[in-house]
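When you read off a place in the sequence shown, starting at 1, and then add 154, the result is the number in our numbering.
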Amino acid sequence: MTLVIAQKHNNTVTLSSDSRISFGTSGHIDYGIKVFSVPVKIFSPTNSETNTNNLDYDHILGVAVVGSAINAYTVKESVYEILQNLQYIPGYTDLSMYGISKLVFKIFEKTTLDLGKIIQENGLCGLILTGYCAVQKKIRTFYFSCDTTDYPIRPFYEEILKENGIRFFGSGEKEAEQIHTQNTTLTPSHIIRQVIREGKVNSVGGGIQYGEIVEKNFKVYGIADYSLTEDGRFKEHIYTLRGINLYKDDFEKESDGFHISYPFKMPFESEIQIILNKLLKNFDNPTAE
């Protein structure tokens, strides 16, 4: 399982998650990809005279997954491949985000039902899809999941976050909701970090993953956290991408001459500034507590 937070604020939607993938009693890894971008290309019909067509939709959607890693990654790979090779029928094809989601649901439904026959409810997953709708000229978000209240299970999808708001998904949902209720000013990154630090949900852990809609396209960012010394002083920034510290251990060593270049968000910078200000105050006034 996992913890995914989807938040809508005005003209953008963000997707955030932890990075832990659990394997029952066998253990876990803390660098699973749960938030990713999917390029969508929709072409016009081929002109029989010129043997050419037009690229009429070219945007990057955002996807986040929860639940079974096997199901989620099977769906993800299928969606990633298919959505880059679409062609529409004029006057018939629905080019809206709803139309795209309807196609994604066909993939989600088949994968979920087929895997369900093999690994039962352990194979269930959820999927959040967000992106620019060329018909309604706005960002729309859809949630794909399964109704397990009756048998056989029923895959479904629905539009969410039609207005500004926040939604929580996965095994850490209740803990995240409780933290948000206690302090509605916290960002998704702060909420996920707190759930991880409290350690009440074993299947939520690792680093924070984050992506957001920027100018009609979804973009994935690394997250800059920080560490403290034993006496509570600021030590260093920690730059992680999908749970991996990019500038430590094996990644810190010179390797093949490549530099991993990703943009980073710094959601905890105000905390760092408070720590530094307190340190400066104590330095200027050693007797102050």
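Glycine included, C-beta positions come from ideal geometry on N, C-alpha and C. Just so you know, these numbers come straight off a predicted model, no measurement behind them.
If I measure Cβ to Cβ from residue i and keep anything under 6 Å in the same chain, skipping five residues before and after, which residues do I get?
i: R308; result: D301
i: G353; result: none
i: P342; result: I159, Q161, S170
i: T284; result: V167, G216, T295
Going by C-alpha distance, which of the options is nearest residue i?
i: H182; options: T341, T228, K373, T156; result: T156
i: G216; options: P199, V258, G326; result: V258
i: N164; options: D304, R294, E327; result: R294
i: L237; options: I224, S255, A378, Y246; result: S255
i: F177; options: D210, S357, E203, E423; result: S357
i: Y211; options: K419, Y242, K435; result: Y242
i: Y311; options: E390, S325, T266; result: T266
i: S222; options: F262, I377, P421, K370; result: F262
i: E235; options: S191, D268, Y252, A218; result: S191
i: L209; options: S198, S202, V219, E203; result: S198
i: Y380; options: K230, N205, S424; result: S424
Can you list, in chain order, the residues of its chain whose CB lies under 7 Å from that of residue i, leaving out five sequence neighbours each side?
i: E331; result: F322
i: I345; result: I159, A330, I333, H334
Using a Cβ-Cβ cutoff of less than 8 Å, which residues in the same chain neighbour residue i once the five nearest sequence positions on both sides are dropped?
i: R387; result: I429, L433
i: R174; result: T156, H182, I183, D184, G186, S357, V358, G359, G360, G397
Does DSSP put residue i in a helix, a strand or coil?
i: N371; result: strand
i: P193; result: strand
i: L157; result: strand
i: V258; result: helix
i: G319; result: strand
Quick check on the DSSP output: the beta strand (DSSP E) that includes residue i runs from which residue to which?
i: I214; result: 209 to 221
i: H391; result: 388 to 395
i: Y444; result: The question about residue 444 has no answer here: the residues shown for the chain are numbered 155 through 443.
For residue i, report the span of its alpha helix (DSSP H) as first-last.
i: P342; result: 342 to 352
i: I362; result: From DSSP, I362 is part of no alpha helix (DSSP H); its letter is neither H nor E.
i: I414; result: It is not in any alpha helix (DSSP H) - I414 carries neither H nor E in the DSSP assignment.
i: E331; result: 327 to 336
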